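If you're matching positions, the sequence shown starts at 60 in our numbering and goes up one per residue.
Encoded as structure tokens, the structure appears first; notes follow it.
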Amino acid sequence: MDTIQQRLNGAGLGLRRSFLGQVIETPPPAVDFYEVAPENWITMGGKLGKQFRAMTERFPFVCHGLSLSLGSTDPLDETFVRAVKDFMHEHQMKLYSEHLSYCSQDGHLYDLLPIPFTSEAVSHVAARIKRVQDILEQKIAIENVSYYAAPGQEMTELDFFNAVVQEADCDVLLDVNNIYVNSVNHGYDPEAFLKAIPAQRIVYAHIAGHYVEADDFLVDTHGAEIIDPVWKLLGKAYEWHGVFPTLLERDFNIPEMAELVREVNTIKSIQNAWQQHHAQQSA
Numbered sequence: 060m061d062t063i064q065q066r067l068n069g070a071g072l073g074l075r076r077s078f079l080g081q082v083i084e085t086p087p088p089a090v091d092f093y094e095v096a097p098e099n100w101i102t103m104g105g106k107l108g109k110q111f112r113a114m115t116e117r118f119p120f121v122c123h124g125l126s127l128s129l130g131s132t133d134p135l136d137e138t139f140v141r142a143v144k145d146f147m148h149e150h151q152m153k154l155y156s157e158h159l160s161y162c163s164q165d166g167h168l169y170d171l172l173p174i175p176f177t178s179e180a181v182s183h184v185a186a187r188i189k190r191v192q193d194i195l196e197q198k199i200a201i202e203n204v205s206y207y208a209a210p211g212q213e214m215t216e217l218d219f220f221n222a223v224v225q226e227a228d229c230d231v232l233l234d235v236n237n238i239y240v241n242s243v244n245h246g247y248d249p250e251a252f253l254k255a256i257p258a259q260r261i262v263y264a265h266i267a268g269h270y271v272e273a274d275d276f277l278v279d280t281h282g283a284e285i286i287d288p289v290w291k292l293l294g295k296a297y298e299w300h301g302v303f304p305t306l307l308e309r310d311f312n313i314p315e316m317a318e319l320v321r322e323v324n325t326i327k328s329i330q331n332a333w334q335q336h337h338a339q340q341s342a
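Spelled out as structure tokens, the structure:
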């Protein structure tokens, strides 16, 4: 298996159909790479398909899956994994990432549900990740997810996540907002969680906004501006783990491109500040 990842650089943006034409016509200079869900684009043809091809020929892209359902007991959808492999090859995509969750159980569900934090689940999920990596002939990145219940919990979220990536020998897609949301909802220290993530496995990160249902209950929506505590947590990530590529997610309530670019530029400004800091420390 080729385990050498082509590294991304800088700040990215999740590509959405609603602004595809706009970024083709006037690509935002601040955006260094884009991310798409393969489920939404693999079968795309016609005008949208041509527009998408025009983008992948010009910019680095990564795949972020929605439906692989790594935690399910349903058989792994190897046909889909092979379709993703062909899609990535066709568009010269650098990386495939997925959620540490499941979304199927005797049929497809419409939510990303939490995997029980148990040693049995660690082995089950790690074996499925290894199989995906064998088919793709490269490592994949696994994302820490937001969750609102923890059925059958035998270990902490952090211990479960780290055990899975260790046993699967996979990479990490670090979702900074999910750490913050879970820390509020489940009462733990987000900085301690972040610090314990294995730095050498982080290939890129997500950052997004969320909805405040109550002071002690946040909902991960990707539908709002990023708040200061999440920006500060991103800075801490760069401080402790070095500066890595980071992508802005916005899935609904999508604002004007200028607003998206403003948040992408905030990512870049935090990256630049910590790159300079680390350079000064090593000088």
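All C-beta atoms in this analysis are idealised placements derived from N, C-alpha and C, irrespective of residue type, glycine included.
Quantities reported herein were computed from a predicted structural model and do not represent experimental measurements.
Residues that residue i bridges to, as DSSP identifies them
i      : result
GLU157 : ILE201
ILE266 : LEU307
ALA70  : THR305
ALA273 : PHE276
LEU129 : Per DSSP, none; premise fails for LEU129.
PHE120 : TYR93
VAL231 : ILE201 and ILE261
Residues near residue i in its chain [Cβ-Cβ closer than 7 Å; skip 5 each side]
i      : result
ALA338 : none
ASN312 : GLY282 and ALA283
VAL278 : HIS269, TYR270 and GLU272
TRP343 : Because the chain is modelled from 60 through 342, residue 343 falls outside the range shown and cannot be assessed.
Of the listed residues the options, nearest to residue i (C-alpha basis)
i      : options                           : result
ALA70  : ILE238, PHE92, GLY246 and ARG141  : PHE92
ARG260 : GLN212, ASP230 and SER205         : ASP230
GLY124 : GLY301, VAL243 and VAL204         : VAL204
ALA89  : GLN335, GLU202, ASN331 and SER341 : ASN331
TRP299 : HIS148, ALA258 and PHE139         : ALA258
ILE174 : ALA208, ASP145, ILE101 and HIS148 : ALA208
SER178 : VAL224, PHE219 and TRP290         : PHE219
LEU74  : GLY105, LEU67, LYS291 and THR115  : THR115
ALA283 : PRO314, GLY301 and LEU293         : PRO314
GLU322 : PHE139, TYR297, ILE285 and ASN221 : ILE285
SER242 : LEU232, ASP275, ALA227 and PRO210 : ASP275
ASP248 : ALA142, ASP279, TRP100 and GLU216 : GLU216
VAL82  : VAL320, ASN68, PHE303 and ASN237  : VAL320
LEU172 : VAL289, PRO210 and HIS269         : PRO210
MET103 : ARG76, ASP310 and SER126          : ARG76
ALA251 : THR85, GLN225, VAL223 and LEU292  : LEU292
Assigned secondary structure, residue i (DSSP; H/G/I helix, E/B strand, else coil)
i      : result
SER163 : Bear in mind that the predicted position of SER163 carries a pLDDT of just 45, short of 50, making it too unreliable to give a figure here.
GLN64  : With a pLDDT of only 43 at GLN64, under the threshold of 50, the placement of this residue in the model should not be trusted; the figure read from the coordinates follows. Of the three classes helix, strand and coil, the one that applies to GLN64 here is coil, per DSSP.
ILE261 : strand
ASP248 : coil
ALA185 : helix
TYR207 : coil
Other residues of its chain near residue i: CB distance less than 6 Å, five sequence neighbours each side excluded
i      : result
ARG112 : none
HIS265 : ASP234, LEU306 and GLU308
LYS198 : THR62, GLN192, CYS229 and ASP230
Closer than 7 Å: residue i CB and nearest the ligand PLP heavy atom
i      : result
PHE176 : Within the structure as shown, the ligand PLP is missing, as the structure has no ligands at all.
Cβ-based neighbour list, residue i, same chain, cut-off 8 Å, excluding 5 preceding and 5 following
i      : result
ASN221 : ALA255, ILE256 and PRO257
LEU195 : VAL140, VAL143, LYS144, MET147 and TYR155
PHE176 : ALA209, GLY211, GLN212, GLU213, MET214, THR215, GLU216, ASP218 and PHE219
Continuous beta strand (DSSP E) stretch holding residue i: start and end
i      : result
PHE92  : 92 to 95
ASP218 : No beta strand (DSSP E) contains ASP218, which is instead part of the alpha helix (DSSP H) from 216 to 227.
Residue range of the unbroken alpha helix (DSSP H) whose run includes residue i
i      : result
ASP287 : 287 to 300
ASP145 : 137 to 149
SER328 : 316 to 341
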